[in-house]
Amino acid sequence: MPIFSSLDQSGLEHLAAIANEFQASKGHVLMERGQAGNGLFVIEDGSVQVDMGDNAPITVGPGGFVGELSVLADTPRTARVSALTDVRALAISRLDLDELLEREPTIALGMLRNLARRLADTIRSH
């Protein structure tokens, strides 16, 4: 997955220790707008739809991630995320993500670029 491509063997082992496999069936809601941001999902297989309300929904597929904004900003969820297909993902809790980013700061750069792209897409769609 691109977000973890900078990790060395030790970093990948740490990631494997903190990430939990998560599976959801088509139609399952992973996150609801207004919920507390307890963690994020990195999509391994399948795709999810991110619905922010006023804007056109965004599709996120393998290698993408969702839930990072509320975790990083310590704010409630800003979008509803539901499975467009059966989904297999890695779930990483807020505390584990904080520790991972401190240990492997290069991951933060990939997350920042992704957030910037989503913000630019949102601005363009208005």
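When we follow the numbering used here, the leftmost residue of the sequence shown carries the number 1433, and every step to the right adds one.
Even glycine gets a Cβ: it sits at the ideal position worked out from N, Cα and C.
Note that this is a predicted model, so its numbers are computed, not measured.
Which listed residue (the options) has its alpha carbon closest to that of residue i
i, options, result
"valine 1519", "Ile1475, Thr1538 and Met1433", "Ile1475"
"threonine 1510", "Leu1544, Glu1464 and Gly1493", "Glu1464"
"glycine 1493", "Gly1542, Met1433, Val1503 and Asp1506", "Met1433"
"arginine 1535", "Leu1462, His1446 and Ile1435", "His1446"
Where residue i falls: helix, strand or coil (DSSP)
i, result
"methionine 1484", "coil"
"threonine 1554", "helix"
"glycine 1443", "helix"
"serine 1438", "coil"
"glycine 1471", "strand"
"methionine 1433", "coil"
Delimiting residues of the alpha helix (DSSP H) encompassing residue i
i, result
"glutamate 1394", "Nothing can be reported for residue 1394, as the shown portion of the chain is limited to 1433 through 1558."
"glutamate 1534", "1526 to 1535"
Residues that residue i bridges to, as DSSP identifies them
i, result
"aspartate 1559", "Missing from the structure shown is residue 1559; the chain here goes from 1433 to 1558 and no further."
"methionine 1463", "Val1513"
"serine 1502", "Serine 1502 is not bridged to any residue."
"isoleucine 1490", "Val1482"
"glycine 1496", "According to DSSP, glycine 1496 bridges with nothing at all."
For residue i, the first and last residue of its enclosing beta strand (DSSP E)
i, result
"serine 1514", "1512 to 1515"
"threonine 1507", "Taken as a continuous stretch (DSSP letters only), threonine 1507 belongs to no beta strand (DSSP E), as it is neither H nor E."
Check whether the segment 1447 to 1459 touches the segment 1493 to 1512, counting contact only when three or more Cβ pairs, one atom from each stretch, lie closer than 8 Å.
For the pair of segments examined, the segment 1447 to 1459 was found not to touch the segment 1493 to 1512: the number of CB pairs separated by less than 8 Å stays below three.
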